[in-house]
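Novice: Just dropping this structure here.
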Amino acid sequence: MPDGLTLNKITSQKGIGITEAARRVADLGWTPSYVKEAMAFPTDYKISKAPRDPMKQVLRSYFPMQEEKDNRVYGALDAALRGDMFRNVEPRWIEWMKLFLAIIPFPEISAARSMATLGQLAPGDDLRTGFTMQMIDEFRHSTIQMNLKKWYMENYIDPAGFDITEKAFGKCYATTIGRQFGEAFLTGDAITASNIYLQVVAETAFTNTLFVAMPSEAARNGDYALPTVFLSVQSDESRHIGNGHSMLMSVLKEPDNHLLLERDIRYSFWQNHMIVDAAIGTIIEYGTKNRDKNKESYAELWHRWIFEDYYRTYMLPLEKYGIKIHHDDVHEAFDSIVKKNYVHKIAQFFSAGWWANFWRIEAMTERDFEWFESKYPGWYDEFGVWWENYAKLSKPGSVPITFADTGYVYPHRCWSSLVPCVIREDFQIDEVDGELYTYASEVDRWTHKEAFAAEYQGRPTPAMGRFSGRRQWEEVYDGWDLADAIQDMGFVRPDGKTLVAQPHLSFEEKDMWTLDHVRGHTIRSPLLALREMTPQQRQAHVEEYRKGFKIRRV
Amino acid sequence: MTMQETETTSAAAGAKVFPGSDSRRYNYFEPKGRKATHYEDVTVDVQPDPERYLLQNWIISFGDGTPTYSKDWTALKCTDWHGFRAPDQEWERTHYQRQSTIVGMIQNVVENARRAGAPQRFDKAWVAVLQNHVGAFKHAEYGLGTALMRAQRYGYTQMVNNAILTNASYKLRFAQDLTLYLAEVGSDIGGFDLDAGKAHWLDDPIWQPCREAVEHIRAATDFLEQYFAVNLVFEPLVGELFRSGFVMQVAAAQNDFSTPSVISAAEADYERNLANAVELFALLLRDPAHGEDNRIMLQSWFTHHGGLAVKAALQLQPLWSLPRVKAASFADAFERARNRVAAIGREIGIDADLPALPPVEVGQVATPAAAAAAVTAPVNGAAAE
Numbered sequence: 030m031p032d033g034l035t036l037n038k039i040t041s042q043k044g045i046g047i048t049e050a051a052r053r054v055a056d057l058g059w060t061p062s063y064v065k066e067a068m069a070f071p072t073d074y075k076i077s078k079a080p081r082d083p084m085k086q087v088l089r090s091y092f093p094m095q096e097e098k099d100n101r102v103y104g105a106l107d108a109a110l111r112g113d114m115f116r117n118v119e120p121r122w123i124e125w126m127k128l129f130l131a132i133i134p135f136p137e138i139s140a141a142r143s144m145a146t147l148g149q150l151a152p153g154d155d156l157r158t159g160f161t162m163q164m165i166d167e168f169r170h171s172t173i174q175m176n177l178k179k180w181y182m183e184n185y186i187d188p189a190g191f192d193i194t195e196k197a198f199g200k201c202y203a204t205t206i207g208r209q210f211g212e213a214f215l216t217g218d219a220i221t222a223s224n225i226y227l228q229v230v231a232e233t234a235f236t237n238t239l240f241v242a243m244p245s246e247a248a249r250n251g252d253y254a255l256p257t258v259f260l261s262v263q264s265d266e267s268r269h270i271g272n273g274h275s276m277l278m279s280v281l282k283e284p285d286n287h288l289l290l291e292r293d294i295r296y297s298f299w300q301n302h303m304i305v306d307a308a309i310g311t312i313i314e315y316g317t318k319n320r321d322k323n324k325e326s327y328a329e330l331w332h333r334w335i336f337e338d339y340y341r342t343y344m345l346p347l348e349k350y351g352i353k354i355h356h357d358d359v360h361e362a363f364d365s366i367v368k369k370n371y372v373h374k375i376a377q378f379f380s381a382g383w384w385a386n387f388w389r390i391e392a393m394t395e396r397d398f399e400w401f402e403s404k405y406p407g408w409y410d411e412f413g414v415w416w417e418n419y420a421k422l423s424k425p426g427s428v429p430i431t432f433a434d435t436g437y438v439y440p441h442r443c444w445s446s447l448v449p450c451v452i453r454e455d456f457q458i459d460e461v462d463g464e465l466y467t468y469a470s471e472v473d474r475w476t477h478k479e480a481f482a483a484e485y486q487g488r489p490t491p492a493m494g495r496f497s498g499r500r501q502w503e504e505v506y507d508g509w510d511l512a513d514a515i516q517d518m519g520f521v522r523p524d525g526k527t528l529v530a531q532p533h534l535s536f537e538e539k540d541m542w543t544l545d546h547v548r549g550h551t552i553r554s555p556l557l558a559l560r561e562m563t564p565q566q567r568q569a570h571v572e573e574y575r576k577g578f579k580i581r582r583v
Numbered sequence: 090m091t092m093q094e095t096e097t098t099s100a101a102a103g104a105k106v107f108p109g110s111d112s113r114r115y116n117y118f119e120p121k122g123r124k125a126t127h128y129e130d131v132t133v134d135v136q137p138d139p140e141r142y143l144l145q146n147w148i149i150s151f152g153d154g155t156p157t158y159s160k161d162w163t164a165l166k167c168t169d170w171h172g173f174r175a176p177d178q179e180w181e182r183t184h185y186q187r188q189s190t191i192v193g194m195i196q197n198v199v200e201n202a203r204r205a206g207a208p209q210r211f212d213k214a215w216v217a218v219l220q221n222h223v224g225a226f227k228h229a230e231y232g233l234g235t236a237l238m239r240a241q242r243y244g245y246t247q248m249v250n251n252a253i254l255t256n257a258s259y260k261l262r263f264a265q266d267l268t269l270y271l272a273e274v275g276s277d278i279g280g281f282d283l284d285a286g287k288a289h290w291l292d293d294p295i296w297q298p299c300r301e302a303v304e305h306i307r308a309a310t311d312f313l314e315q316y317f318a319v320n321l322v323f324e325p326l327v328g329e330l331f332r333s334g335f336v337m338q339v340a341a342a343q344n345d346f347s348t349p350s351v352i353s354a355a356e357a358d359y360e361r362n363l364a365n366a367v368e369l370f371a372l373l374l375r376d377p378a379h380g381e382d383n384r385i386m387l388q389s390w391f392t393h394h395g396g397l398a399v400k401a402a403l404q405l406q407p408l409w410s411l412p413r414v415k416a417a418s419f420a421d422a423f424e425r426a427r428n429r430v431a432a433i434g435r436e437i438g439i440d441a442d443l444p445a446l447p448p449v450e451v452g453q454v455a456t457p458a459a460a461a462a463a464v465t466a467p468v469n470g471a472a473a474e
């Protein structure tokens with residue numbers, strides 16, 4: 030056979046080029062003339078320029094590519110079992126997967142739904158295939174993650190918490206934070222939700238910490254399944270980033286949109302920071318047993334992925350189009366992680382309410398302390414005693430740490446992000462429509478009072494979403510006994526008495542807490558208490574809250 | 090000793106026995122059968138519901154107060170939306186496997202046909218049919234795909250929405266299959282005009298009632314009206330009529346073995362989508378509280394979209410006269426479509442009997458007026474508009 034001649038070259042027929050194929054496919058669309066399609070999804074934006082498809086892929090190459098990716102994923106899961114992965118995996122890590130994988134399939138499928146929105150709103154049909162692929166990708170992500178979770182449930186030593194996963198997603202104080210994230214993809218102003226919040230911020234910036242940084246940590250803990258699934262998921266994200274950027278460029282063309290873009294980029298960046306950094310920062314830093322001092326901390330990862338990659342190369346260039354970027358927010362978000370201990374305070378909160386979880390959190394140990402101190406100097410002074418107390422109080426029959434005399438002040442919850450207001454000095458309150466609310470920061474206060482409103486800086490914004498529902502978990506269970514609330518949520522093992530959550534990783538029955546061990550303590554909503562105060566009492570309370578607390582050794 | 094110092098040697102299932110250590114199934118939903126299927130495990134309850142486990146309700150609403158998901162997005166009512174399971178049981182892996190297999194099958198057939206020089210041997214009259222009419226029909230498929238892509242936003246459960254999502258995926262793939270197939274075989278045939286199909290779709294009187302029917306489906310504001318109109322009305326009356334009743338029966342006689350293979354994928358797709366849709370609408374009509382109201386609503390949708398679809402079908406009749414070798418008749422194809430839609434109607438519990446056509450001479454050109462007249466007489470309450 031002559032050099033360079035391959036079987037493929039002999040047998041293949043001359044095809045059409047990818048640009049021509051994409052052009053032909055985009056030409057499938059037409060402007061209806063018999064009956065006009067009503068715009069089903071509300072937006073206050075104007076979009077007249079048709080977005081272009083940067084990827085130019087068609088479905089006949091997409092499906093085999095995705096099938097091949099799937100084959101690798103499922104092959105790797107089989108290989109992990111044959112290699113006895115669960116013999117060596119760190120339970121500390123897998124326990125956090127009960128939370129993470131309870132949350133993430135919902136945002137994924139919300140993203141699939143939101144492609145309905147963008148497909149209809151985007152003028153022309155050029156990007157329709159991009160949105161179609163993203164819709165199917167998100168369907169992929171949601172069900173592949175449900176499959177992974179089932180796989181953990183079937184093979185990990187303690188399946189409790191995985192077995193109730195979607196029920197737990199509906200009940201838990203922490204998963205509601207994830208729901209704020211997922212619902213924000215598809216509710217309210219369609220461009221705000223599906224283009225800016227989802228594609229431009231969540232997918233372009235924060236999937237790097239979610240789907241790249243976290244798998245690295247999983248591998249360090251003997252979990253080869255999560256990297257296999259999530260790096261495969263992340264390989265789809267570049268398409269979504271391209272879709273988002275193309276749509277953003279269309280939206281940018283209208284100067285009338287610039288004010289709304291400024292609002293939405295600000296809101297989206299800050300809320301993604303509040304939610305994703307709270308969850309993923311905690312899982313990466315506190316869900317690991319690996320204390321290699323040469324590895325990057327979450328703060329270092331954040332600086333690389335969010336500050337350098339996203340802020341400097343994606344957000345900043347938007348200024349040349351006339352979009353005001355809130356640089357101070359980006360710096361403040363970074364400072365909250367490196368100077369204000371945001372992630373550590375969230376981890377402290379998760380452990381303070383361990384009994385309301387559906388996963389286990391074990392105490393940090395001396396090895397952990399040493400790593401934290403090296404990465405975050407001063408960490409031990411602020412958090413060391415807390416975790417020593419946590420270890421002491423992890424035996425059944427101890428006072429649940431929430432109610433022990435440690436000096437810890439159960440936090441208010443932010444009405445915007447639903448994350449607790451853990452950076453005490455940034456705590457804010459305000460009234461909206463005559464009702465008092467609490468916020469983790471000034472940007473969160475602005476998000477609720479100004480961004481999520483019917484008018485923005487004098488401009489009517491009827492399409493903008495509204496915060497609704499019973500947003501604060503503590504309000505739902507205000508006045509309830511712990512045991513009754515846990516039972517009501519269904520976070521009890523099949524024996525009807527042993528808690529799903531445990532403040533340790535012992536698998537001995539004698540070490541496990543039951544409903545009786547937590548009975549006799551009452552849940553109180555800090556917000557309801559605040560609303561009942563007189564203005565003077567309230568002011569004194571806020572001042573005291575902002576001072577923070579010092580943990581005492583028990 | 091504190092708990093964190095407890096040593097465990099293995100984190101594998103079964104390494105210890107303790108409360109809950111054998112709870113290895115998702116236990117929060119009722120499987121349809123004795124045991125949950127894999128599809129159920131990865132699908133059920135991922136979209137939550139305040140009436141099941143969503144303790145804090147939906148936490149963001151639209152500006153008018155509508156929550157993230159609302160039952161009011163369809164006129165149909167259901168006592169338990171969670172009762173629906175898609176018979177095709179698709180989740181991501183099976184969806185990609187099936188789509189990828191189809192893509193591979195089509196690619197093999199087309200490559201082999203082109204390698205053998207088959208397109209050059211297509212009958213010339215048939216080449217014009219491919220260029221003008223199969224080329225026009227691809228836009229109908231695309232229109233239905235985009236309608237379904239929008240519809241998959243609104244269902245009250247994950248099972249409903251995912252069934253509509255995969256339906257959209259199949260339709261949009263098939264529209265692209267036809268587009269790229271025609272571009273490729275067209276390049277082997279001299280003078281093949283790839284823009285002609287769209288021109289016929291937009292302006293040829295033969296295709297205007299079809300376009301009108303598709304645009305009515307796209308413009309419907311009720312997502313289940315769209316799902317119903319696509320699968321229970323347009324597909325049996327127009328989609329199958331054109332694909333199976335015309336192209337697949339006629340093509341071989343024109344020396345074309347590759348087009349039927351491409352088209353056959355859509356027929357197989359439709360069987361699955363039809364099964365899903367029938368299951369959902371049958372469930373809604375069996376509903377003890379809302380079944381009768383649902384039946385009345387579906388009947389009115391059938392009247393509306395059925396009228397448009399029949400008009401579209403009849404207007405396509407001249408196509409059967411175009412091939413040089415007449416291998417099938419419109420009358421037979423329409424009769425099969427009429428029987429098919431009636432059978433689907435019986436399956437779910439609506440009256441979908443359409444009037445039989447008056448005897449039509451092969452080659453006689455149907456007009457919209459004649460088409461409308463043929464179906465104006467109400468038969469069993471299923472008259473077209």
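Taken in order, these protein sequences are the chains called A and B. Numbering-wise, this note's numbering puts 129 at position 100 of the first sequence, and it's gapless, one number per residue. Numbering-wise, this note's numbering puts 387 at position 298 of the second sequence, and it's gapless, one number per residue. Cβ atoms here follow ideal geometry from the backbone N, Cα and C, with glycine treated the same way.
1. Could you give the DSSP three-state label for Gln457(A): helix, strand or coil?
2. For Lys200(A), which residues in chain C fall below 9 Å Cβ to Cβ?
3. Once the 5 residues before and after Asp292(B) are set aside, which same chain residues still bring their CB inside 7 Å of it?
4. Which residues in chain A have a C-beta closer than 8 Å to the C-beta of Lys105(B)? List them in chain order.
5. With 7 Å as the threshold, decide whether the Cβ of Asp444(B) is near any Cβ in chain A.
6. If the criterion is Cβ atoms closer than 7 Å, does the pair Leu254(B) and Lys227(B) meet it?
7. Quick check on Gly452(B) - is its C-beta less than 7 Å from some C-beta in chain A?
8. Hey, Glu335(A) and Leu239(A): beta-carbon distance below 7 Å or not?
9. If contact means a Cβ-Cβ distance below 9 Å, which residues of the stretch 136 to 155 of chain A contact chain B?
10. So, are the CB atoms of Glu391(A) and Leu255(A) less than 7 Å apart?
11. Would you say the stretch 372 to 383 of chain A touches the stretch 427 to 434 of chain A, given that touching needs at least three Cβ pairs under 8 Å?
12. Helix, strand or coil for Asp510(A) per DSSP?
13. Which of the three DSSP states, helix, strand or coil, is assigned to Ala101(B)?
14. I need the straight-line Cα distance from Asn224(A) to Lys282(A), nearest angstrom please.
15. Starting from the C-beta of Phe370(B), find all residues in its chain whose C-beta is less than 6 Å away, skip the five residues before and the five after it, and write them out in chain order.
16. Name the chain A residues whose beta carbon is nearer than 8 Å to that of Glu273(B)?
17. Just checking my contact of Thr194(A) with Ala105(A) at CB under 8 Å: how many whole Å lie between their CB atoms?
18. Any heavy atom of the ligand COA closer than 6 Å to the Cβ of Glu273(B)?
19. At a CB-CB cut-off below 7 Å, which residues of chain A make contact with Ser353(B)?
20. Quick one: Cα of Phe352(B) to Cα of Gly217(A), how far?
21. Could you check what DSSP says for Thr527(A) in three-state terms: helix, strand or coil?
22. Among Thr246(B), Ile433(B), Phe423(B), which has the Cα closest to the Cα of Ala364(B)?
23. Am I right that Phe115(A) and Tyr202(A) are in contact with their C-beta atoms under 8 Å? What's the rounded C-beta distance?
24. Does the Cβ-Cβ distance between Leu557(A) and Asp507(A) come in under 7 Å?
25. Should Gly275(B) and Leu269(B) be called a contact, given that it needs their Cβ atoms to be closer than 7 Å?
26. Along the chain, where does the alpha helix (DSSP H) that runs through Leu397(B) open and close?
27. Counting beta carbon pairs with one atom in the stretch 194 to 209 of chain B and one in the stretch 401 to 414 of chain B, are three or more of them shorter than 8 Å?
28. Give a yes or no on contact between the stretch 487 to 504 of chain A and the stretch 164 to 182 of chain A, applying the rule of three or more CB pairs nearer than 8 Å.
29. Determine, for His394(B), whether the minimum Cβ-Cβ distance to residues of chain A falls below 7 Å.
30. Any beta carbon from chain B within less than 7 Å of Ser446(A)'s own beta carbon?
31. Less than 7 Å separating the beta-carbons of Leu326(B) and Val430(B)?
32. Leaving out five residues on either side along the sequence, give the residues of the same chain with a beta carbon under 7 Å from the beta carbon of Ala231(A).
33. Going by DSSP, what residue range makes up the beta strand (DSSP E) through Thr27(A)?
34. Going by Cα to Cα distance, which pick from Phe129(A), Gln228(A), Tyr103(A) is closest to Ala140(A)?
Specialist: Inspection of the coordinates gives the following:
1. Stepping through the first sequence from its first residue, residue 457(A) is reached at position 428. Strand, per DSSP.
2. Absence of chain C from the displayed structure is noted, the protein chains being A and B.
3. As a first step, residue 292(B) must be located in the second sequence, where it is residue number 203. Hits under 7 Å: none found.
4. Here residue 105(B) refers to the residue found at position 16 when the second sequence is read from its first residue. Residues of chain A passing the Cβ test: Ile186, Phe536, Glu537.
5. Looking up residue 444(B) in the second sequence gives position 355. Before going on, a small fix: residue 444(B) reads as Pro here, not Asp. Judged by the 7 Å Cβ criterion, Pro444(B) is not in contact with chain A.
6. On the second sequence, position 165 is the one that residue 254(B) refers to. On the second sequence, position 138 is the one that residue 227(B) refers to. No. Outside cutoff.
7. If you number the second sequence from 1, residue 452(B) lands on position 363. Reliability fails at Gly452(B), whose pLDDT of 46 lies under 50, so the model's placement of it is uncertain and no value is given.
8. As a position in the first sequence, residue 335(A) is number 306, starting the count at 1. As a position in the first sequence, residue 239(A) is number 210, starting the count at 1. Strictly speaking, residue 335(A) in this sequence is Ile, with Glu absent from that position. No, these two residues do not count as a Cβ contact at 7 Å.
9. Glu137, Ile138, Ser139, Ala141, Arg142, Ser143, Met144, Ala145, Thr146, Gly148, Gln149, Asp154
10. Stepping through the first sequence from its first residue, residue 391(A) is reached at position 362. Stepping through the first sequence from its first residue, residue 255(A) is reached at position 226. No, these two residues do not count as a Cβ contact at 7 Å.
11. yes
12. For this step, residue 510(A) is matched to residue 481 along the first sequence. Three-state result, Asp510(A): strand.
13. Sequence index remark: in the second sequence, residue 101(B) carries index 12 (1-based). Ala101(B): strand per DSSP, three-state reduction.
14. One-based indexing of the first sequence puts residue 224(A) at position 195. One-based indexing of the first sequence puts residue 282(A) at position 253. Roughly 15 Å between the two C-alpha positions.
15. In the second sequence, counting from the first residue as 1, residue 370(B) sits at position 281. Closer than 6 Å at the Cβ level, and outside the excluded window around Phe370(B), lie Ile437.
16. Mapped onto the second sequence, residue 273(B) falls at position 184. In chain order: Gln42, Gly44, Ile45.
17. Within the first sequence, the letter at position 165 stands for residue 194(A). Within the first sequence, the letter at position 76 stands for residue 105(A). Between Ala105(A) and Thr194(A) the Cβ distance is about 22 Å, and since that is not below 8 Å, they are no contact.
18. As for the ligand COA, it is missing from this structure, which has no ligand bound.
19. The residue labelled residue 353(B) in the question sits at position 264 within the second sequence. Per Cβ cutoff of 7 Å: no residues; Ser353(B) is ~16 Å from chain A at best.
20. In the second sequence, the residue the question calls residue 352(B) occupies position 263. In the first sequence, the residue the question calls residue 217(A) occupies position 188. Reading off the sequence, residue 352(B) comes out as Ile, not Phe. Cα-Cα distance, rounded: 40 Å.
21. Translated into the one-based positions of the first sequence, residue 527(A) becomes position 498. Here Thr527(A) sits in strand by DSSP.
22. Counting from 1 along the second sequence, the entry for residue 364(B) is found at position 275. Minimum Cα distance to Ala364(B) is reached at Ile433(B).
23. Counting from one through the first sequence, the residue named residue 115(A) turns up at place 86. Counting from one through the first sequence, the residue named residue 202(A) turns up at place 173. About 29 Å; that fails the 8 Å criterion.
24. As a first step, residue 557(A) must be located in the first sequence, where it is residue number 528. As a first step, residue 507(A) must be located in the first sequence, where it is residue number 478. Going by C-beta atoms, Leu557(A) is nearer than 7 Å to Asp507(A).
25. Within the second sequence, numbered from 1, the residue matching residue 275(B) stands at position 186. Within the second sequence, numbered from 1, the residue matching residue 269(B) stands at position 180. Not in contact: Gly275(B) and Leu269(B) (Cβ atoms no closer than 7 Å).
26. As a first step, residue 397(B) must be located in the second sequence, where it is residue number 308. Run containing Leu397(B): 380 to 404, per the alpha helix (DSSP H) assignment.
27. no
28. no
29. The sequence position of residue 394(B) within the second sequence is 305, counting from 1. No - not a single Cβ of chain A is within 7 Å of the one on His394(B).
30. Residue mapping note: residue 446(A) aligns to position 417 of the first sequence, counting from 1. Judged by the 7 Å Cβ criterion, Ser446(A) is not in contact with chain B.
31. By 1-based counting over the second sequence, the position of residue 326(B) is 237. By 1-based counting over the second sequence, the position of residue 430(B) is 341. Cβ distance < 7 Å, so Leu326(B) and Val430(B) count as in contact.
32. Numbered from 1 along the first sequence, position 202 holds the residue referred to as residue 231(A). Excluding sequence neighbours, Ala231(A) sits near Asn301.
33. The structure shown does not extend to residue 27(A), since chain A is modelled only from 30 to 583, so the question has no answer here.
34. Mapped onto the first sequence, residue 140(A) falls at position 111. Measuring from the Cα of Ala140(A), the nearest candidate turns out to be Gln228(A).
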